[in-house]
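Visitor:
There are 2 protein chains.
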Amino acid sequence: MDDLLTRLRQRDWRLTSQRRVVAEVLVGEHVHLTADEVHARAAELLPEISRATVYNTLGELVSLGEVREVTIDGRAKRYDPNVTGLHHHLVCTSCGLILDIPAIAGDPSPLARGSRFGFVVDAVDVTYRGTCPDCLAMDGERRVPQARGGSGRS
Amino acid sequence: MDDLLTRLRQRDWRLTSQRRVVAEVLVGEHVHLTADEVHARAAELLPEISRATVYNTLGELVSLGEVREVTIDGRAKRYDPNVTGLHHHLVCTSCGLILDIPAIAGDPSPLARGSRFGFVVDAVDVTYRGTCPDCLAMDGERRVPQARGGSGRS
DNA sequence: TCTCGACTTGGACGAAGTCCAAACTAGGTC
DNA sequence: GACCTAGTTTGGACTTCGTCCAAGTCGAGA
Numbered sequence: 156m157d158d159l160l161t162r163l164r165q166r167d168w169r170l171t172s173q174r175r176v177v178a179e180v181l182v183g184e185h186v187h188l189t190a191d192e193v194h195a196r197a198a199e200l201l202p203e204i205s206r207a208t209v210y211n212t213l214g215e216l217v218s219l220g221e222v223r224e225v226t227i228d229g230r231a232k233r234y235d236p237n238v239t240g241l242h243h244h245l246v247c248t249s250c251g252l253i254l255d256i257p258a259i260a261g262d263p264s265p266l267a268r269g270s271r272f273g274f275v276v277d278a279v280d281v282t283y284r285g286t287c288p289d290c291l292a293m294d295g296e297r298r299v300p301q302a303r304g305g306s307g308r309s
Numbered sequence: 156m157d158d159l160l161t162r163l164r165q166r167d168w169r170l171t172s173q174r175r176v177v178a179e180v181l182v183g184e185h186v187h188l189t190a191d192e193v194h195a196r197a198a199e200l201l202p203e204i205s206r207a208t209v210y211n212t213l214g215e216l217v218s219l220g221e222v223r224e225v226t227i228d229g230r231a232k233r234y235d236p237n238v239t240g241l242h243h244h245l246v247c248t249s250c251g252l253i254l255d256i257p258a259i260a261g262d263p264s265p266l267a268r269g270s271r272f273g274f275v276v277d278a279v280d281v282t283y284r285g286t287c288p289d290c291l292a293m294d295g296e297r298r299v300p301q302a303r304g305g306s307g308r309s
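Chains A and B, in that order, are what the protein sequence lines are. Going by the numbering used here, the first sequence opens with residue 156, and the numbers climb by one from there. Going by the numbering used here, the second sequence opens with residue 156, and the numbers climb by one from there.
#1: Between A:V276, A:G229, A:E215 and A:G251, which has its C-alpha nearest A:P236's C-alpha?
#2: Taking Cβ-Cβ distances shorter than 9 Å, what residues in chain A pair up with B:L254?
#3: Within 10 angstroms of its Cβ, does B:A278 collect 16 or more other Cβ (buried), or is it exposed?
#4: Could you tell me whether the Cβ atoms of B:T189 and B:R233 are closer together than 9 Å?
#5: According to DSSP, is A:V177 part of a helix, a strand, or is it coil?
#6: Once DSSP output is grouped into helix, strand and coil, what is the label at A:T208?
#7: By how many angstroms is the C-alpha of B:T282 removed from the C-alpha of A:E184?
#8: Assign B:H333 to one of three DSSP states: helix, strand, or coil.
#9: Kindly identify the DSSP beta-bridge partner or partners of A:V225.
#10: Along chain B, which residues have their Cβ under 9 Å away from the Cβ of A:Y234?
#11: Does the structure place the segment 240-252 of chain B close enough to the segment 192-207 of chain B that three or more beta carbon pairs sit under 8 Å?
#12: Go to B:T171, then tell me how far its beta strand (DSSP E) extends in each direction, as first and last residue.
#13: DSSP has B:R284 in a bridge; who is on the other side?
#14: Does chain A have any CB closer than 9 Å to the CB of B:E215?
#15: Determine the extent of the alpha helix (DSSP H) in which A:L160 is found, giving its start and end residues.
#16: Quick check: the Cα distance between B:D158 and B:L170, rounded to an integer number of angstroms?
#17: For chain A, is any of its Cβ atoms less than 9 Å away from the one on B:E224?
#18: Are the C-beta atoms of B:R284 and some chain A residue less than 9 Å apart?
#19: Closer than 6 Å by C-beta to B:R174: which residues in its own chain qualify, once you throw out the five before and the five after it? Chain order, please.
#20: Check the C-beta distance from B:V186 over to B:A197 and give it rounded, since I have them as a contact under 8 Å.
#21: Chain A partners of B:G240, CB-CB under 9 Å?
#22: Taking A:L245 as the query, report the chain B residues whose CB atoms sit under 8 Å from its CB, ordered along the chain.
#23: For A:R164 and A:T239, what's the separation of their Cα atoms in angstroms?
#24: So that I know if they touch, is there some Cβ in chain A lying closer than 9 Å to that of B:V209?
#25: Please compile the residues from chain B whose C-beta is within a distance smaller than 9 Å of the C-beta of A:C250.
#26: May I have the straight-line CA-CA distance separating B:G220 from B:L241, to the nearest angstrom?
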């Protein structure tokens, strides 16, 4: 966390209390929060923080490469503080659980694939969709799908 | 196209003119249209068709497995009529071009990856993001990014 | 401490998508 | 062909997610 703040300050990022709180929420939670969830968590620490500021700050953290933006379900974007290791996402379409899984040998190679089509590729998003162990166990029982936001260790 | 309509009718899908038009637009265009684009195209053939009907019909085609829903940029969902062959998407972040590229040996194996975590995986979305040849050629010239919706042969 | 430019705020706005009740119609039955 | 009914469509209201803007605030260098 302190590392992050130091890095940001080094890049002329003015360190306001709002930005600090947003960064804390993201790094502290280790899950994939939506902007609204970040706002809610941030507001617990700093009640007067505005939605616009949260959006601005998230956008900046993304463009600084400190946070990764993932769109899992086409609804709200989610913010993933895990940018250090290349990883993919395993998503439960029943309960919304999002798990980070490490990329392995044999996973798609960006450069090789893109170059065949003249593209210069700089990122690959891989999302596996399926059903998690818990939902599989619940089997026949009808369950109202609910967003779990991802308890994946990021 | 006729195959599609036959398949749908066999599944007790009531064949209305609205549904026929939406299916025609999707299959005819072979590109990745947004719901709004589908509505605009459909309205050329059937001016009184409503947005709600287009959304309903797209949702049904997706749940029937005749169309694939892809979220490329976190904005509008896009609808991909190519569900026959396993393929990935190559997206130009500069102009919005979307290209279908075939999956190849060495691409992620859904079942194997998911099972390590107790998941039963039924789909994988792979999106490569980068810059297309045209935008690379335009190089330094500042260009207003615009959605090209994807001219990829689906 | 002062100053200034970057940052924050709240509210308006816009795009994408959903919901609902009323009207309509495809397709089966007679 | 006429009738019937459940499934479909419509338009408009509504929700959610996100962006924009002008005015006010504040971090950090001088």
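Each residue gets a CB set at the ideal place from its N, CA and C atoms; glycine is no exception.
Guide: On the basis of the data shown:
#1: Indexing the first sequence from 1 puts residue 236 of chain A at position 81. The option with the nearest alpha carbon to A:P236 is A:E215.
#2: Position 99 of the second sequence, counted from the first residue, corresponds to residue 254 of chain B. Simply F272 and F274.
#3: Indexing the second sequence from 1 puts residue 278 of chain B at position 123. Residue burial annotation: B:A278 is exposed, with fewer than 16 other C-beta atoms found within 10 angstroms of its C-beta.
#4: Here the question's residue 189 of chain B lines up with position 34 in the second sequence. Here the question's residue 233 of chain B lines up with position 78 in the second sequence. Yes, they are a contact pair.
#5: Within the first sequence, the letter at position 22 stands for residue 177 of chain A. Here A:V177 sits in helix by DSSP.
#6: Numbered from its first residue, the first sequence carries residue 208 of chain A at position 53. Correct three-state label for A:T208: helix.
#7: Against the first sequence, residue 184 of chain A aligns to sequence position 29. Against the second sequence, residue 282 of chain B aligns to sequence position 127. Each residue's alpha carbon lies about 26 Å from the other.
#8: Residue coverage of chain B in this structure runs from 156 to 309, which leaves residue 333 of chain B outside it and unanswerable.
#9: One-based indexing of the first sequence puts residue 225 of chain A at position 70. DSSP links A:V225 through a beta bridge to A:R233.
#10: Position 79 of the first sequence, counted from the start, is the residue given in the question as residue 234 of chain A. Around A:Y234, no beta-carbon contact reaches into chain B at under 9 Å, the shortest distance being about 11 Å.
#11: No: fewer than three Cβ pairs fall under 8 Å.
#12: Taking the second sequence and counting its residues from 1, the one referred to as residue 171 of chain B is at position 16. Element bounds for B:T171: n/a, residue is neither H nor E.
#13: As a first step, residue 284 of chain B must be located in the second sequence, where it is residue number 129. DSSP lists A:A278 and B:V246 as the beta-bridge partner residues of B:R284.
#14: As a working note, residue 215 of chain B is residue 60 in the second sequence. Proximity of B:E215 to chain A, defined by a Cβ-Cβ separation below 9 Å, is not satisfied.
#15: As a first step, residue 160 of chain A must be located in the first sequence, where it is residue number 5. For A:L160, the enclosing alpha helix (DSSP H) covers residues D157 to Q165.
#16: Counting from 1 along the second sequence, the entry for residue 158 of chain B is found at position 3. Counting from 1 along the second sequence, the entry for residue 170 of chain B is found at position 15. B:D158 and B:L170: Cα-Cα distance of roughly 13 Å.
#17: Within the second sequence, residue 224 of chain B is the residue found at index 69, counting from 1. Yes, contact with chain A.
#18: Residue mapping note: residue 284 of chain B aligns to position 129 of the second sequence, counting from 1. So yes, B:R284 belongs to the interface.
#19: Working through the second sequence from its first residue, we reach residue 174 of chain B at position 19. Non-local C-beta neighbours of B:R174 in its own chain, meaning closer than 6 Å and more than five positions away in sequence, comprise T212, ordered along the chain.
#20: The residue given as residue 186 of chain B occupies position 31 in the second sequence. The residue given as residue 197 of chain B occupies position 42 in the second sequence. Their Cβ separation, rounded to whole angstroms, is 15 Å, which puts B:V186 and B:A197 out of contact at 8 Å.
#21: By 1-based counting over the second sequence, the position of residue 240 of chain B is 85. Listed along chain A, no residue sits closer than 9 Å to B:G240 by beta-carbon distance, the nearest being about 16 Å off.
#22: On the first sequence, position 90 is the one that residue 245 of chain A refers to. When 8 Å is used as the limit between beta carbons, A:L245 is near these residues of chain B: R268, G269, F272, F274 and V276, in chain order.
#23: Indexing the first sequence from 1 puts residue 164 of chain A at position 9. Indexing the first sequence from 1 puts residue 239 of chain A at position 84. Distance between the alpha carbons of A:R164 and A:T239 is about 19 Å.
#24: In the second sequence, the residue the question calls residue 209 of chain B occupies position 54. So, not an interface residue.
#25: By one-based count along the first sequence, residue 250 of chain A stands at place 95. By Cβ distance, chain B contributes nothing, its closest Cβ being about 12 Å from A:C250, past 9 Å.
#26: Stepping through the second sequence from its first residue, residue 220 of chain B is reached at position 65. Stepping through the second sequence from its first residue, residue 241 of chain B is reached at position 86. Rounded to whole angstroms, B:G220 to B:L241 spans 13 Å at the Cα level.
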